[in-house]
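So for the sequence shown, this note's numbering puts the first residue at 614; every next one is plus one.
We treat Cβ as the ideally placed atom computed from N, Cα and C, and that holds for glycine.
Only a predicted model underlies this, so the values are computations on that prediction, with no experimental measurement involved.
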Amino acid sequence: MSIPDTIAWDPEKECIRYIDQTRLPGHPIIVECRTVQRLAIAIRRLQVRGAPALGVAGAFGVALAAVTCKKKGLAAFLADVRRHGTLLAAIRPTAINLSWGVNRVLTAMERAESVRDAKQFALVEAQAVAREDEVCCRAIGGYGAALLPGTCTVLTHCNAGALACKAWGTALGVIRSAVRQGKDVRVIACETRPLLQGARLTAWELEEEGIDVTVITDSMGAHLMRGGTIDMVIVGADRITHDAVFNKIGTYMLAVCARHHGIPFYVAAPLSTFDPDHSETDVVIEERDRNEVATCGKRTTVPKGVKVCNPAFDATPMNLVTAIITDQGVLRPPIDMKGLRLNHPPG
Ligand code: MRU
């Protein structure tokens, strides 16, 4: 079965439709989102998640703010939409795509001469962001698939698949493209504590497409590398500065282990995930609620009063990265970020 679009604009109902990822695995439930407040909750709860999908959500979120805004004069209208965009962009600070998607649409609205124009520009630009995301993922898939031998086992972390993008995926897009080319690819998916994006989402979408997948706990990767099971690691990214790749917590540990065992460590990401203006130390790592770690279903697993640390992401230094597979080709560090053709509106 092919996976439905993760997120899309419904032009008739003038609302956002997205798959509620907290309900997976299982039958995908499509939610119709009609207010920016509802979208903000969905992003906070990770009903919509994954950097490129957050970029599309940010873009559609600004379009939704524009469509639902009741302000009459252009200046008041733009100020209100901008306020909503700023609120959305701040919800998940590490994934740069969210603020990138918001700013792309806000910037497109600035050339409007009427409220009507502004609404139209917002919708057109948001649709463009969504369309481009899928095009980028398919390009990443094509460039990345060429790096995979005819038969191989790939370890991945979190979910950098169709569910993390509009469609197709980045890391899983590479695997999808390789499988379509007739390559025999087996996937090892780390379960990805605490929210289990690997076990719930990566395993679900690969299984739906008949791609061979095995789930392991996050602490098993090094053991499998040492045993010679893993040919390469491919992960996605939430932000790429000139000196580091930010991705789901646990990625750095895998990169260190891969280097120790001489295994290639690839990152697959569109250029919208690049942040050429900042360094690792400038980036805020999102800290999430203790209950994500301290509970398992309805059970409390950490004694009350004991401290919990729950960073959602970590930074992998660029010297541990073999290559970054982008929509414009494969980049090998050191990367000249200034030389890249980035479509980054002013934030
Ligand atoms: O907290 P999440 O689930 O949004 O984290 C997602 C990841 O870390 C992904 O690996 C990353 O966004 C790349 S998705 C193509």
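Item to check | Residues near GLY754 in its chain [Cβ-Cβ closer than 7 angstroms; skip 5 each side] | outcome: Reading the sequence shown from its first residue, position 141 is the one you call residue 754. Same-chain partners within the cutoff: TRP781, GLY786, VAL787, ARG789, SER790.
Next on the checklist: Can you tell me whether ASN710 is buried or exposed? The criterion is at least 16 other CB atoms within 10 Å of its CB, across all chains shown.
Outcome noted: Taking the first residue of the sequence shown as 1, we reach residue 710 at position 97. Label assigned to ASN710: buried.
Item to check | CYS646 vs LEU637 beta-carbon contact at 8 angstroms | outcome: Numbered from its first residue, the sequence shown carries residue 646 at position 33. Numbered from its first residue, the sequence shown carries residue 637 at position 24. Going by C-beta atoms, CYS646 is not nearer than 8 angstroms to LEU637.
Next on the checklist: I believe ALA871 touches ASN860 by the beta-carbon criterion, under 8 angstroms. Please report the beta-carbon distance rounded to the nearest angstrom.
Outcome noted: Position 258 of the sequence shown, counted from the first residue, corresponds to residue 871. Position 247 of the sequence shown, counted from the first residue, corresponds to residue 860. Not quite, the Cβ-Cβ distance comes to about 13 angstroms (not below 8 angstroms), so this is no contact.
Checklist entry - Contact check, ASP831 vs ARG806 under 8 angstroms by CB: the rounded distance? => result Stepping through the sequence shown from its first residue, residue 831 is reached at position 218. Stepping through the sequence shown from its first residue, residue 806 is reached at position 193. Sure, about 6 angstroms apart at Cβ, within 8 angstroms.
Item to check | Under the three-state DSSP convention, the category TRP817 falls into | outcome: Translated into positions along the sequence shown, residue 817 becomes position 204. Looking at TRP817 - three-state DSSP - the assignment turns out to be helix.
Next on the checklist: Once DSSP output is grouped into helix, strand and coil, what is the label at LYS971?
Outcome noted: Given that the chain is displayed from residue 614 to residue 960, the structure contains no residue 971 and the question cannot be resolved.
Checklist entry - Short check: CB of CYS749 to CB of GLY663, under 8 angstroms? => result Position 136 of the sequence shown, counted from the start, is the residue given in the question as residue 749. Position 50 of the sequence shown, counted from the start, is the residue given in the question as residue 663. In this structure, GLY663 does not lie closer than 8 angstroms to CYS749 by Cβ.
Item to check | Within the segment 776 to 830, ranges of the alpha helix (DSSP H) (whole runs, at least 4 residues) | outcome: 784 to 793, 816 to 821
Checklist entry - Would you say ALA612 touches ligand 1, meaning its beta carbon is less than 7 angstroms from a heavy atom? => result Any question about residue 612 goes unanswered here, given that the chain covers just 614 to 960.
Checklist entry - So, helix, strand or coil for PRO924, using DSSP? => result Locating residue 924 in the sequence shown gives position 311, counting from the first residue. The answer is strand: DSSP assigns PRO924 an E or B state.
Checklist entry - Can we say the segment 737 to 749 touches the segment 763 to 774, given the rule of at least three CB pairs closer than 8 angstroms? => result no
Checklist entry - Taking buried to mean at least 16 other C-beta atoms within 10 Å of its own C-beta, is ASP949 buried or exposed? => result Against the sequence shown, residue 949 aligns to sequence position 336. Answer is exposed; the Cβ neighbour count stays below 16.
Item to check | One or two residues paired with MET838 in a DSSP bridge | outcome: The count along the sequence shown starts at 1 and reaches residue 838 at position 225. Bridge partners of MET838: none, in fact.
Next on the checklist: Would LEU837 and ILE847 be called neighbours here (beta carbons separated by less than 8 angstroms)?
Outcome noted: Residue mapping note: residue 837 aligns to position 224 of the sequence shown, counting from 1. Residue mapping note: residue 847 aligns to position 234 of the sequence shown, counting from 1. Not closer than 8 angstroms, so no.
Item to check | Meets three-Cβ-pair contact criterion under 8 angstroms: the segment 876 to 893 and the segment 939 to 956 | outcome: yes
Item to check | Three-way DSSP call (helix, strand, coil) for ALA881 in this model | outcome: Indexing the sequence shown from 1 puts residue 881 at position 268. Strand, per DSSP.
Checklist entry - Can you check whether the CB of PRO706 is closer than 8 angstroms to the CB of VAL880? => result Here residue 880 is taken as the residue at index 267 of the sequence shown, counted from 1. Here residue 706 is taken as the residue at index 93 of the sequence shown, counted from 1. Going by C-beta atoms, VAL880 is not nearer than 8 angstroms to PRO706.
Item to check | Rounded straight-line distance, which links the Cα of THR929 to that of SER712 | outcome: Position 99 of the sequence shown, counting from 1, holds the residue named residue 712. Position 316 of the sequence shown, counting from 1, holds the residue named residue 929. So the two alpha carbons sit approximately 22 angstroms from each other.
Checklist entry - Cα-Cα, which of CYS628, ILE620, ASP623, LEU687 is closest to GLU723? => result Taking the first residue of the sequence shown as 1, we reach residue 723 at position 110. That would be LEU687, whose Cα lies nearest to the Cα of GLU723.
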